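J.: Mind looking over this structure? Questions follow.
2 protein chains.
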Amino acid sequence: MAKIKRNTIQRQLVIAAVRFLADHPTAEEVYDRIVMEYPDISKGTVYRNLNSLVECGLLGRVSVPSGADRYDHILSRHYHIKCSRCGKFMNVENIDYIQGLDEKVAAATHYKMNHHDIVFSGLCPDCAKAAEEEEAQLLGDDAN
Amino acid sequence: MAKIKRNTIQRQLVIAAVRFLADHPTAEEVYDRIVMEYPDISKGTVYRNLNSLVECGLLGRVSVPSGADRYDHILSRHYHIKCSRCGKFMNVENIDYIQGLDEKVAAATHYKMNHHDIVFSGLCPDCAKAAEEEEAQLLGDDAN
DNA sequence: CAAAAGTTGATACTCAATGGCAGAAGCAGA
DNA sequence: TCTGCTTCTGCCATTGAGTATCAACTTTTG
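Residue numbers (numbering that gives the first Met the number 0), protein chains in the order written: chain B, 0 to 143; chain A, 0 to 143.
Listed below in C-alpha cells is the structure:
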C-alpha cells in the first residue's frame, strides 16, 4: 500500500477517534465515532486510513481471534488478553514486552524478526464466576 | 455448541485430513482434501466438525492475522511465526511454551487463565532477501 | 492558479464463516 | 433386527469484515 502523502481531515479524524476510544476500537467502532461529527465519511475511507496509519507506524493493529481487528494508539508494546466467554478484549498491564525472545526466535528460524504478539486467553472474573455457577447447576440436574 | 455425541464418517475424515495435512491447514484445505475421496461432504460439515473438535480438545485452532483460521493436530503447545510479506505461516520449533507466564498474567489480571498464543512477525529468509534487493533498487532511482 | 497525483465516497464484490431446515444416519433399547 | 429419538449432514441463503474499482474531489507543488 502507498505511503501517506497528504494530510486530510478524514485521516485526522481517524487518528483522533482511535486516540479517543483508547481501548482497542474495531474499524466499525472508529467509523461510528467519526460519523457522529462528520456524517459524510465512508467506511472504506476509515479502513483505508487505518491500514495506512498502521503501515507507517502511527497506529498498531491487533488481530483478534474470531473477531474484527482492533486498533491501538501505540504508546509502547504490550500484550492482550481475551475472555474466551464474553469476548472482552484488553491490555495486559504490568507485564513487560519479553526482551530477547525475538532474537531467540530469529536465531531458531532465520527470519528477520520484527516483533511478536501475545494473546492470553481465559475467563474474566465475571465469566469465571458465571461459569462456576453454571457448573454447579449442571451437577444439580445432570442434564445431557 | 453441542458436545460430540456421535461418530460419523465425516468427522473421522476431518480428523484424518487435519492429521494428514499436518502443517496448519485451513478449513478450505481440509475440505479440498476430503472431497478427493468423499465428494459428497459439504463445507458446512467441515466447519461444524472443526469447531466441535476444537471445542472438545481433539484439535487446536490458530487464528491467523488477516487470513483464515488454521487447524492443528495438537501434539504439544507451540508458537507460530508469520512472514509479514508473503504470509507464510509455520510453527516455531525449538522454542518451548513459556512456563509460568500464564500464572504471572493471572495474578496481574485476575483472569482464570487458560493459555496464551504467540505469533511472531517478521520476514522469512526469502522475503528478507527480496526486500533488501528492492531497497537497493529504490536507492538507485530514488522514486516517489 | 493550474496541473499532477493522492484521497474520498459509493458501491459492488470477495472470502471466511454461520444459520436454518428437511432429510439421513448413528445409537440406544426392545 | 426393528423402532424411534436425536444428532448430524447437505444445501444454500446470509452475515460480517474487509477489499477493489472508479469517477469526482482535494491537497500539494511549482
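Even glycine gets a Cβ: it sits at the ideal position worked out from N, Cα and C. This one's a predicted model, so the numbers in the text were calculated from it and none came from an experiment.
1) If you drop the 5 nearest sequence neighbours on each side, which residues of the same chain put their C-beta closer than 8 angstroms to that of D71 (chain B)?
2) Locate the alpha helix (DSSP H) running through R18 (chain A), then write down its first and last residues.
3) Using a cut-off of 7 angstroms between C-beta atoms, extract the partners of T108 (chain A) located in chain B.
4) Can a CB atom of chain A be found closer than 8 angstroms to the CB of G121 (chain B)?
5) Round the Cβ separation of I94 (chain B) and C55 (chain B) to the nearest angstrom and send it over; I've been treating them as touching at under 8 angstroms.
6) Verify the CB distance criterion: does N113 (chain A) have a CB-CB separation below 8 angstroms to chain B?
7) Distance, Cα to Cα, I97 (chain B) vs H115 (chain B)?
8) Indicate whether at least one CB of chain B lies closer than 8 angstroms to the CB of S51 (chain A).
9) Hey, how far is the Cα of C85 (chain B) from the Cα of S75 (chain B)?
10) Measuring only between beta-carbons, confirm whether P24 (chain B) sits less than 8 angstroms from chain A.
11) For a cutoff of 8 angstroms on Cβ pairs, would you count D71 (chain B) as touching chain A?
12) Rounded to a whole number of angstroms, what is the C-alpha to C-alpha distance between S51 (chain A) and A130 (chain A)?
13) Does chain A have any CB closer than 8 angstroms to the CB of K42 (chain B)?
14) Between which two residues does the beta strand (DSSP E) carrying V118 (chain B) extend?
T.: If we stick to the structure as given:
1) Residue mapping note: residue 71 (chain B) aligns to position 72 of the first sequence, counting from 1. Once the five neighbours on either side are set aside, the close Cβ partners of D71 (chain B) are V17, H23, L58, G59, R60, V61.
2) If you number the second sequence from 1, residue 18 (chain A) lands on position 19. 8-20 is the extent of the alpha helix (DSSP H) around R18 (chain A).
3) For the purposes of this step, residue 108 (chain A) is identified with residue 109 of the second sequence, where counting begins at 1. The contacting residues are I80, V91.
4) Here residue 121 (chain B) is taken as the residue at index 122 of the first sequence, counted from 1. G121 (chain B) counts as touching chain A.
5) Taking the first residue of the first sequence as 1, we reach residue 94 (chain B) at position 95. Taking the first residue of the first sequence as 1, we reach residue 55 (chain B) at position 56. About 27 angstroms; that fails the 8 angstroms criterion.
6) The residue labelled residue 113 (chain A) in the question sits at position 114 within the second sequence. Cβ-Cβ to chain B under 8 angstroms: yes for N113 (chain A).
7) The sequence position of residue 97 (chain B) within the first sequence is 98, counting from 1. The sequence position of residue 115 (chain B) within the first sequence is 116, counting from 1. If I take the Cα positions, the gap works out to 9 angstroms.
8) Here the question's residue 51 (chain A) lines up with position 52 in the second sequence. False, the Cβ-Cβ gap to chain B never drops below 8 angstroms.
9) Numbered from 1 along the first sequence, position 86 holds the residue referred to as residue 85 (chain B). Numbered from 1 along the first sequence, position 76 holds the residue referred to as residue 75 (chain B). About 26 angstroms.
10) For the purposes of this step, residue 24 (chain B) is taken as the residue at position 25 of the first sequence. Not an interface residue.
11) Within the first sequence, numbered from 1, the residue matching residue 71 (chain B) stands at position 72. No - not a single Cβ of chain A is within 8 angstroms of the one on D71 (chain B).
12) Your numbering for residue 51 (chain A) matches position 52 in the second sequence. Your numbering for residue 130 (chain A) matches position 131 in the second sequence. Taking the straight line from one Cα to the other gives about 41 angstroms.
13) What you label residue 42 (chain B) is simply residue 43 of the first sequence in a count that begins at 1. Closer than 8 angstroms: no.
14) Walking along the first sequence from the start, residue 118 (chain B) turns up at place 119. Where V118 (chain B) is concerned, the enclosing beta strand (DSSP E) stretches over 111-122.
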